[in-house]
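A.B. asks: Residue numbers (our numbering), protein chains in the order written: chain A, 1 to 131; chain B, 1 to 76.
In structure tokens:
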């Protein structure tokens, strides 16, 4: 059997709508048999902080408000993708170091903290989406 | 014919697809699962998933403002 196609997503935005879209695409791709890596870097880590998520103090517009009211939140989408397919979520090591954050500060969706070199190894020969 | 029906009305994309996938995992080859959804996006996306995963789309019916999408599990 052929190797599963790979999809790697670079998420660098803290806007809830983009975080939701990346999480949705990642989880549906995983549920469709793709091997998915989601690399969360820079400001995109902010919505994943427990303190942000608990207060729902996301950077968002009208769309984000509706998404929160009506749909599963991005972390639930990611949990579903992990349960039903191959989806790994990685936090950017540089961004974590610069801000002094540890895994304890975040919602429990991250599989590991990695650097750019490791990310490119994971992404090699697959498709890369940037959001 | 329909072995299991899932009522996913009120759930937005990708909720109905996810419910279908969970049921397909538990089903036996040859079983037909029907998912109900009032989400137009899911009515378009579920058949795409079925084709991609090489299962069989039995029907997509629109009745009383919602969709009934039936899928046969054709392989493990």
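A virtual CB, placed ideally from N, CA and C, is assigned to each residue, including glycine.
In this text the structure is predicted, and so the values were computed from the model without any measurement.
Ignore the nearest five residues each way along the sequence and tell me which others in residue 50 of chain B's own chain have a CB closer than 6 Å to its CB.
C.D. replies: Cβ neighbours of residue 50 of chain B beyond the five flanking positions: 57 and 71.
A.B. asks: Have a look at residue 33 of chain A and residue 86 of chain A and give me their C-alpha separation to the nearest angstrom.
C.D. replies: Using only the alpha carbons, I get a separation of about 8 Å.
A.B. asks: Using a cut-off of 8 Å between C-beta atoms, extract the partners of residue 17 of chain B located in chain A.
C.D. replies: Correct list: 28 and 31.
A.B. asks: For residue 106 of chain A, does the three-state DSSP call read helix, strand or coil?
C.D. replies: Looking at residue 106 of chain A - three-state DSSP - the assignment turns out to be strand.
A.B. asks: Can a CB atom of chain A be found closer than 8 Å to the CB of residue 1 of chain B?
C.D. replies: False, the Cβ-Cβ gap to chain A never drops below 8 Å.
A.B. asks: Check whether the region 82-102 of chain A touches the region 37-48 of chain A, taking contact to mean three or more Cβ pairs, one atom from each stretch, closer than 8 Å.
C.D. replies: They touch, by the three-pair rule.
A.B. asks: What residue does the beta strand (DSSP E) around residue 72 of chain B start on, and which one ends it?
C.D. replies: Where residue 72 of chain B is concerned, the enclosing beta strand (DSSP E) stretches over 66-72.
A.B. asks: Identify, in the order they occur along the chain, each residue of the same chain with its Cβ nearer than 7 Å to the Cβ of residue 14 of chain A, setting aside the five sequence neighbours on each side.
C.D. replies: Contacts found: 43, 44, 46, 47 and 59.
A.B. asks: Going residue by residue through the region 9-46 of chain A, where are the continuous beta strand (DSSP E) segments of at least 3 residues, counting only ones entirely within it?
C.D. replies: Fully enclosed beta strand (DSSP E) runs of 3 or longer: 35-40.
A.B. asks: Taking residue 70 of chain A as the query, report the chain B residues whose CB atoms sit under 7 Å from its CB, ordered along the chain.
C.D. replies: Simply 12.
A.B. asks: Within the continuous beta strand (DSSP E) that includes residue 36 of chain B, where are the two ends?
C.D. replies: Note, residue 36 of chain B: beta strand (DSSP E), 32-37.
A.B. asks: Which residue wins for smallest C-alpha separation from residue 10 of chain A, given the options A:30, A:26, A:70 and A:77?
C.D. replies: Comparing Cα-Cα distances from residue 10 of chain A to each of A:30, A:26, A:70 and A:77, the minimum goes to A:26.
A.B. asks: For residue 49 of chain B, which residues in chain A fall below 9 Å Cβ to Cβ?
C.D. replies: Within 9 Å Cβ-Cβ: 28, 31 and 32.
A.B. asks: Considering only DSSP beta bridges, list what residue 90 of chain A is partnered with.
C.D. replies: Beta-bridge pairing links residue 90 of chain A to A:39 and A:112.
A.B. asks: Please say whether residue 115 of chain A and residue 7 of chain A have beta carbons closer to each other than 8 Å?
C.D. replies: Contact flag unset, no.
A.B. asks: Put residue 71 of chain A into one of helix, strand or coil per three-state DSSP.
C.D. replies: In the structure shown, residue 71 of chain A sits in coil (DSSP, three-state: anything other than H, G, I, E or B).
A.B. asks: Which whole-angstrom value describes the C-beta separation of residue 53 of chain A and residue 16 of chain A, a residue pair presumed to lie in contact below a C-beta threshold of 8 Å?
C.D. replies: Contact flag wrong, Cβ pair sits at about 10 Å.
A.B. asks: For the beta strand (DSSP E) holding residue 4 of chain B, just list the boundary residues, first then last.
C.D. replies: Where residue 4 of chain B is concerned, the enclosing beta strand (DSSP E) stretches over 2-7.
A.B. asks: For residue 29 of chain B, which three-state DSSP category applies?
C.D. replies: Coil.
A.B. asks: Identify the continuous beta strand (DSSP E) that holds residue 61 of chain B and give its terminal residues.
C.D. replies: First-last of the beta strand (DSSP E) with residue 61 of chain B: 56-63.
A.B. asks: Would you list, in chain order, the members of the region 79-102 of chain A that have their beta-carbon closer than 8 Å to a beta-carbon of chain B?
C.D. replies: Within the region 79-102 of chain A, the qualifying residues are 80 and 84.
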